[in-house]
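**Q**
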Amino acid sequence: MSDSTVVRVDGTDGIDLTGVKVFVGGPIQHAIRDDGFHQPLQHAIGDIIEAVTAAHGTVFSAHVAEKFGVDTPLFSPDQVSVRDIGWMRRCDVFVPVLPVDAAGELMRTDGTHVELGWASALDKPIVVVTPMPMAANASHLLRGLPSVADVTVFDLEEARANPVELLRLLEKLGQEAVMAP
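With the first letter of the sequence shown counted as 1, position 116 gets the number 271 in the working numbering; the numbers rise by one all the way through.
This is the structure we're talking about:
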């Protein structure tokens, strides 16, 4: 038995995302409610951002920049578009979080779908985090994206319950992207 045991208190299980840039996306405009931002989505995105940050990854997030909808009205469409395409060009992995509503349908997120197009056109690895099986109202293009791009679909509940598995995937994809010519 070893007399030195490493205990991970940060929940990252030793995963190191140093140098890996992760763009975490998802609904903003359609997640803003009269009583504030859609809480389950805020927690899901917040947990993913926290896990990536704890593993020393760099996070690009409009949710953070816009304070989960509080500051969204302060940004023009031009500012958001320029900022987000810049992040997409700089990121190593795109992680869109696609939640469902109470009826089990994907929450509307026009911007995230534009970002999915950018990511696939720029050959970025994509990890779609959404409840599995994928919602019935998911479009053909969303469902078919893995046939034309590097897409992994990861269960949202699994990401929340066991973020280490998501981090392992991001570590693998991020390292491959960083090492690519």
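Beta carbons are placed, not taken as given, at the ideal position from N, Cα and C, and that holds for glycine.
Assuming Val-214 and Val-179 are in contact, meaning their beta carbons sit under 8 Å apart, how far apart are those beta carbons, in whole angstroms?
**A** The beta-carbon distance between Val-214 and Val-179, rounded to whole angstroms, is 6 Å. This is short enough to meet the 8 Å contact definition.
**Q** Per DSSP, what kind of secondary structure is Leu-311 in: helix, strand or coil?
**A** helix
**Q** Does the distance from the C-beta atom of Asp-247 to that of Val-319 stay below 8 Å?
**A** no
**Q** By DSSP's criteria, Val-282 is part of a beta bridge. Which residues make up the other side?
**A** Thr-307
**Q** Name the one or two DSSP bridge partners that Phe-178 has.
**A** Phe-215, Phe-249
**Q** Go to Ser-275, then tell me how far its alpha helix (DSSP H) extends in each direction, as first and last residue.
**A** 265-276
**Q** So Arg-263 and Pro-195 are supposed to be a Cβ contact under 8 Å. How far apart are they, rounded?
**A** Contact flag wrong, Cβ pair sits at about 15 Å.
**Q** Classify Ala-207 as helix, strand or coil using the three-state DSSP reduction.
**A** Looking at the sequence itself, residue 207 is Val, so the reference to Ala does not match. Val-207: helix per DSSP, three-state reduction.
**Q** Between which two residues does the alpha helix (DSSP H) containing Leu-324 stretch?
**A** 318-334
**Q** Cα-Cα, which of Asn-292, Trp-273, Ser-275, Ala-335 is closest to Ala-258?
**A** Asn-292
**Q** In this structure, how does DSSP classify Val-255 when only helix, strand and coil are distinguished?
**A** strand
**Q** Pull up the CB-CB distance for Thr-307 and Leu-324, whole angstroms please, since I reckon it's below 8 Å.
**A** Rounded to the nearest angstrom, the Cβ distance from Thr-307 to Leu-324 is 6 Å, consistent with a contact under 8 Å.
**Q** To which residues does DSSP link Leu-261 through a beta bridge?
**A** Val-255
**Q** Applying the criterion that 16 or more other CB atoms from any shown protein chain within 10 Å of the CB defines a buried residue, is His-198 buried or exposed?
**A** exposed
**Q** Is the separation between the beta-carbon of Ala-206 and that of Thr-173 shorter than 8 Å?
**A** Their beta carbons are not under 8 Å apart, which means Ala-206 does not touch Thr-173 by this criterion.
**Q** Would you say Val-303 and Ser-275 are within 8 Å of each other, going by their C-beta atoms?
**A** yes
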